[in-house]
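Read in the numbering used here, the sequence shown has 652 at position 46, and its numbers run on one by one without any break.
Quick reminder that beta carbons are idealized off the backbone N, C-alpha and C, glycines included.
Every value quoted in this text rests on a predicted model; they were computed, and no experiment measured them.
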Amino acid sequence: MLNIYFGEMEGAIYNTSLFFDNTYLDSWIEDEFGKKIIKSIDKAKVLSSQAVDSKALGVIPIKQLSGGTKTLLLVYNNREKVFNASTCGNNCAKWLLKIAKMSKEDVTINLRHIMDFGDKKFEIRVLNNDTIVHNMEEMVENAGRYV
607 MLNIYFGEME GAIYNTSLFF DNTYLDSWIE DEFGKKIIKS IDKAKVLSSQ AVDSKALGVI
667 PIKQLSGGTK TLLLVYNNRE KVFNASTCGN NCAKWLLKIA KMSKEDVTIN LRHIMDFGDK
727 KFEIRVLNND TIVHNMEEMV ENAGRYV
């Protein structure tokens with residue numbers, strides 16, 4: 607299940623881009639799921655563990671991926687830590703749900719805004735009040751108190 611803590615969270619890694627740049631592994635980029643995230647979010651094709659071909663920017667190094675892509679790769683590959691997913695746009699929401707669904711354990715993120723998870727039903731635990739929400743109306747009701 608995807609767990610979200612809204613607002614400032616002690617211990618959460620706030621600067622995900624900097625953290626990614628200093629900790630990512632080549633295997634994260636070469637992984638098939640990682641490639642799908644990069645293609646979906648940055649509209650880029652992985653050329654190697656060091657470069658992608660982006661429609662908007664041409665060939666760029668991995669460290670120039672978007673903040674959203676970096677955060678998703680961190681959440682997928684580093685479950686021991688909690689990452690601030692506020693660098694993620696709404697286009698990352700479905701990926702966060704997929705990562706949580708694929709995981710054998712709960713996945714926890716920190717958000718400083720209310721992300722739009724769309725019109726479909728979902729299951730997310732708001733950690734601030736330990737409530738499970740199933741749609742955006744319930745999400746806004748619960749998360750609005752904390753952001």
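Contact between the region 714-734 and the region 656-675 is absent: fewer than 3 CB-CB pairs across the two stretches fall below 8 Å. Setting aside the 5 residues that flank it on each side, residue 688 is surrounded in the same chain by 611, 615, 617, 618, 619, 714, 715, 716, each with a C-beta closer than 8 Å to its C-beta; the list follows chain order.
Under the DSSP assignment, residue 657 falls in the beta strand (DSSP E) whose first and last residues are 657-660. Check the Cα spacing between residue 624 and each of 649, 743, 671: the tightest is with 671. Note on geometry: alpha-carbon atoms of residue 753 and residue 636 lie some 36 Å from one another. Per DSSP, residue 611 is one residue of the beta strand (DSSP E) stretching across 608-612.
Setting aside the 5 residues that flank it on each side, residue 646 is surrounded in the same chain by 697, 701, each with a C-beta closer than 8 Å to its C-beta; the list follows chain order. Straight across, the Cα-Cα distance linking residue 745 with residue 658 is about 35 Å.
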